[in-house]
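Keeping their order, the protein sequence lines are chains A and B.
In terms of this note's numbering, the first sequence opens at residue 13 and continues consecutively.
In terms of this note's numbering, the second sequence opens at residue 117 and continues consecutively.
For glycine and all other residues, C-beta sits at the position ideal for the given N, C-alpha and C.
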Amino acid sequence: MQQRNSQTINVTRNATGQKTREILVLALLLVCSLVAVLTTIGIVASLAFEAFRFFQEVSLFDFLFGLEWSPQTALRSDQVGSSGSFGAIPLITGTLLISAIAMAIATPLGLLSAIYLAEYASDGARSVIKPLLELLAGIPTVVYGFFAALVIAPMLRNSGENVGLVISSESALAAGLTMGIMIVPLVSSLSDDVINAVPQSLRDASYALGSTQAETIKQVVLPAAIPGIAGSLLLAASRAIGETMIVVMAAGLAANLTANPFEAVTTVTVQIVTLLTGDQEFDSAKTLSAFALGLLLFIITLCMNVAALKIVDRYKE
Amino acid sequence: MNSIVMRENINTMIEHSDFAPENSIISAKNVDVFYGEKQALFNMNLDVVENSVTALIGPSGCGKSTLLRCFNRMNDVIPICHVEGSITLGGQDIHASNVDVVSLRQKVGMVFQKPNPFPKSIYDNIAYGPRIHGMTTSKAELDEVVEKSLKRAGLWDEVKDRLDKLGTGLSGGQQQRLCIARAIAVQPKVILMDEPCSALDPIATATVEELIDELRERFTIIIVTHSMQQAARVSMHTAFFHLGNLVEYGATSDIFTAPKDERTQNYITGRIG
Ligand SMILES: Nc1ncnc2c1ncn2[C@@H]1O[C@H](COP(=O)(O)OP(=O)(O)O)[C@@H](O)[C@H]1O
Ligand SMILES: [Mg+2]
């Protein structure tokens, strides 16, 4: 009886020690995650605050629906803000145009190489191709940028000339193509994982019913992998939208409102960079507009992420 | 003394491997199966009786699934697997160069250990095979095939109001019957079942066993089971395997009441397993 008592006490004491340790660890983890959360909140708050200051000088309507972007004119102190042109539409269309070209390249290339890697490639081929694709992902974007500006763009312009097309030396096409190649590994590697995660039992079921490999991939594997594939495509798209270096170097700074991929366009990110590099006064409408653009970009990618989650959820049911 | 017993066993073993029913639909002759270097089945000879239920029993790892997968050439899917010998379906060599594995698998359906419905609607699960093989020409005809298959699998009444709901949303037992219905829908001659009840609860198991009993009239069923009671309940013929060899094959009642081989006896009395 006595002995059992002392044992009970021992047990309790150990448990208390353990509990304190658990609480400490928990607190540490909480603090770490709070750092991330608070930083995010801080960034969003500062974006919102500076953007708010911008919107005191330029109306929200003009910013969102204005068709002309030329912040340089607004720099002159005698016509601050109101007379400058801060219409974001050309930037948004430029961003979308380049991203659309990039996705048009990366979706088929990435998806088809993922299907090849996951379903057809022998182990030997896979062990060569996969690292090579991942190497593509490791190339700094500035390298892609000068590749686009010095190789792709002149090539496009020359071949355009040969068939009588006018392609400017800085074009949405050059930037979009290069960016497309850049995000292929993102699409292929994520989709490859997703396709591999489709249970073998589903493939077996399909084969056992007499389907061929192509039928099985088309009718069973891809439909089962769609949520993940959609996720990887959205991720790639938001990467494309946020990409800067390639566009700075290959697409130009001209805020043309055009859907023509052969013309120079500019993007939201490029304008943010050019607005904020060099010595700037932090209360001119020109500089402040960068925060408004940043906020806009943030909202766009946020919407895309929410949409991605919605799609994934709907397919999960 | 011991060696005499052994010799007798070998004799009866040979005798019973020769069990050669008249009306056999599948016939395996001198089949050896290898996974890479490792041999999983040794000189297998087995004739499966048409329109009956044949049970394959034996300790785990003895090659039951391997043999089952020979019959619809599902071993082709496993790169390291290599099959030798002859297997005929209705007298035709299934490894012959003019045999299309697609039509072979249409004739020889399969139900797996773990229910594996496609993450598609109940309707599309059943319609999958008929669509692949272009078996129907109109929506009405396909509807009919779906209804008939679900009825034969005893699932129609439970799902007829929710054919557009996901097959993966059904209970385990319903999912397995859905998989059986899916296999039936392509009008196979033979249905292979690899431990179809091992993931099911006793009530769902009973339902599936009843179903197997009904299906026997139209299909030849070969069922792998680790449950001796199940083999005794559902099968007409039983084959006992041990370490990649067919030890004893015959009428289920004989195997269970008067096993000729000591290994069979040990197994069914629970001494090896
Ligand atoms: N895919 C495979 N690769 C390698 N060896 C396998 C594979 N499948 C089965 N085997 C081997 O073949 C033997 C028979 O396996 P199996 O047919 O699954 O037995 P059972 O179904 O009777 O339990 C086992 O020794 C197993 O390890
Ligand atoms: Mg098995």
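- Chain-order list of chain A residues neighbouring residue 230 of chain B: 213, by C-beta distance under 7 Å.
- For residue 112 of chain A, there is no enclosing beta strand (DSSP E); the enclosing alpha helix (DSSP H) has its first and last residue at 101 to 127.
- Only exposed fits residue 146 of chain A, as fewer than 16 other CB atoms lie within 10 angstroms of its CB.
- As a beta-bridge residue in DSSP terms, residue 160 of chain B pairs with B:147.
- Note that the C-beta distance between residue 328 of chain B and residue 165 of chain B is not below 8 Å.
- Taking a C-beta cut-off of 8 Å against chain B, the contacting residues of the region 222 to 255 of chain A are 222, 223, 224, 227, 231, 232, 235, 236, listed in chain order.
- Excluding its 5 nearest sequence neighbours in each direction, residue 217 of chain B has C-beta neighbours in its own chain below 8 Å: 189, 192, listed in chain order.
- At a cut-off of 8 Å between C-beta atoms, residue 209 of chain A does not count as an interface residue with respect to chain B.
- One Cα belongs to residue 305 of chain B, the other to residue 293 of chain B, and the distance between them is close to 18 Å.
- Relative to ligand 1, the beta carbon of residue 219 of chain A is positioned no closer than 7 Å to any heavy atom.
- When 9 Å is used as the limit between beta carbons, residue 216 of chain A is near these residues of chain B: 190, 193, 226, 228, 232, in chain order.
- Contact with chain B is found for residue 220 of chain A, since one of that chain's Cβ atoms lies less than 8 Å from the residue's Cβ.
- The region 239 to 251 of chain A makes contact with the region 206 to 226 of chain A: 3 or more CB pairs, one atom from each, lie closer than 8 Å.
- DSSP places residue 60 of chain A in the helix class (H, G or I) of the three-state scheme.
- Rounded to the nearest angstrom, the gap between the Cα atoms of residue 231 of chain A and residue 160 of chain A is 38 Å.
- At least 8 Å separates the beta-carbon of residue 285 of chain A from that of residue 313 of chain A.
- Going by beta carbons, residue 241 of chain B and residue 231 of chain B fall outside the 8 Å limit.
- For chain A, the residues of the region 282 to 306 of chain B that bring a beta carbon within less than 8 Å of one of its beta carbons are 282, 295, 298, 299, 302, in chain order.
- Approximately 7 Å separates the beta-carbon atoms of residue 324 of chain B and residue 316 of chain B; this is inside 8 Å, confirming the contact.
- Residue 361 of chain B has B:358 as its beta-bridge partners, per DSSP.
- Our two residues, residue 215 of chain B and residue 223 of chain A, have alpha carbons roughly 15 Å apart in a direct line.
- One finds nothing in chain A with a Cβ atom closer than 9 Å to the Cβ of residue 151 of chain B; even the nearest lies about 16 Å away.
- In this structure, the CA atom of residue 312 of chain B is about 14 Å from the CA atom of residue 345 of chain B.
- Just measuring C-alpha positions, the residue of A:306, A:194, A:166 sitting nearest residue 258 of chain A is A:194.
- Note that the C-beta distance between residue 253 of chain B and residue 246 of chain B is not below 8 Å.
- Relative to ligand 1, residue 154 of chain B has its C-beta within less than 7 Å of a heavy atom.
- Contact residues of ligand 1 (beta-carbon closer than 5 Å to any heavy atom; chain order) are B:151, B:156, B:176, B:177, B:178, B:179, B:180, B:181, B:182, B:194.
- With respect to the 8 Å criterion, residue 274 of chain A and residue 63 of chain A are not classified as neighbours on the basis of their beta carbons.
- Using a C-beta cut-off of 8 Å, the region 171 to 182 of chain B makes contact with the region 343 to 359 of chain B, since at least three inter-stretch Cβ pairs fall below that distance.
- Chain A has a Cβ within less than 8 Å of the Cβ of residue 249 of chain B.
- At a Cβ-Cβ threshold of 8 Å, residue 351 of chain B and residue 229 of chain B do not count as neighbours.
- Taking a contact to require three or more Cβ pairs closer than 8 Å, the region 102 to 116 of chain A and the region 124 to 133 of chain A do not qualify as touching.
- Per DSSP, the unbroken beta strand (DSSP E) holding residue 204 of chain B starts and ends at 197 to 205.
- By the criterion of at least three beta-carbon pairs nearer than 8 Å, the region 284 to 304 of chain B is not in contact with the region 196 to 211 of chain B.
- Residue 206 of chain B is outside the set of residues whose beta carbon lies under 8 Å from a beta carbon in chain A.
- With respect to chain A, the C-beta atom of residue 244 of chain B has a partner C-beta closer than 8 Å.
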